[in-house]
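Please read the structure below before turning to the comments.
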Amino acid sequence: AVAVKVLPAHMSSSPELRQRIEREAKTISQLSHPHICMLHDVGHQDGTDYLVMEFLEGETLADRLAKGALPVDQALKIGIEIAGALEAAHRSGIVHRDLKPANVMITKDGVKLLDFGLAKAFSSVSPESVTSAETAQKDLTREGIIVGTVQYMAPEQLEGKEADARTDIFALGTVLYEMTTSKKAFSG
125 AVAVKVLPAH
135 MSSSPELRQR
145 IEREAKTISQ
155 LSHPHICMLH
165 DVGHQDGTDY
175 LVMEFLEGET
185 LADRLAKGAL
195 PVDQALKIGI
205 EIAGALEAAH
215 RSGIVHRDLK
225 PANVMITKDG
235 VKLLDFGLAK
245 AFSSVSPESV
255 TSAETAQKDL
265 TREGIIVGTV
275 QYMAPEQLEG
285 KEADARTDIF
295 ALGTVLYEMT
305 TSKKAFSG
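Okay, so the sequence shown: first residue is 125 according to our numbering, each after it adds one.
Quick look at the structure:
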């Protein structure tokens, strides 16, 4: 069983949407981690672009949070698994840029980080130097364009500046807050 993510023919005329699905395929193909959704295949047939991905049973963290806050031990377990997935992406020079509860799937085997469609390459840095990391533009998105979900975006994203590992760490903090309080860290 697999999951197929498609960009229907009527939407494939949008260069931005086609670029997003291509970027997601390229990004995920560089990553292998137990808490990142696996890509099996990518293709184009009869005007439809598609990704064949790991089939996941469970619910999104957003759906779970609609029922209320998580117990602290469960929030910590999920947070640690998300952090592990982000660390793997960061070590590969990839920043997710759209970490939010809707992009985290809770399965019986743990969490899976989804949707790398807004991901961006950056200069890989060691954990010791993450606070002073320089970013490197790799033409995955246009400079000055704000991408992401506002309530989870780091200040530099909101200002249209370069994103790096710190951007995802900020978003992780907002997700952890939401897991333990059942409220978004920022309402606007």
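C-beta: ideal position from N, C-alpha, C; glycine also.
Here the structure is a predicted model, which means the values were calculated and not measured.
query                                                                                                                                       : result
From the DSSP output, read off the bridge partner residues of THR172.                                                                       : GLN169
Give me the residue from THR305, VAL274, PHE310 and ILE152 with the minimum Cα distance to LYS191.                                          : THR305
Which one or two residues does DSSP pair with GLY234 in a beta bridge?                                                                      : THR231
Is it right to say GLY241 is buried, meaning 16 or more other beta carbons lie within 10 angstroms of its own, or is it exposed?            : buried
Return yes when the Cβ of ALA287 is within less than 7 Å of the Cβ of ARG221, no when it is not.                                            : yes
May I ask you to report which of helix, strand or coil DSSP gives HIS214?                                                                   : helix
Run through DSSP, which three-state label would THR184 get?                                                                                 : strand
Among the residues of its own chain, which have a CB less than 8 Å from the CB of HIS144, if the five just before and after it don't count? : Note that residue 144 is Arg in the sequence shown, not His. Counting only Cβ-Cβ distances below 8 Å, and skipping sequence neighbours, we find GLY241 and LEU242.
Among the residues of its own chain, which have a CB less than 6 Å from the CB of GLU205, if the five just before and after it don't count? : HIS159, GLY234 and VAL235
Check this for me: beta carbons of TYR301 and ALA289, under 7 Å apart or not?                                                               : no
Can you tell me which of the three DSSP states MET177 falls into?                                                                           : strand
Taking 7 Å as the threshold (C-beta atoms), are THR172 and VAL130 in contact?                                                               : yes
Does DSSP put LEU163 in a helix, in a strand, or in coil?                                                                                   : strand
What's the gap between the Cα of LYS201 and the Cα of GLY208?                                                                               : 11 Å
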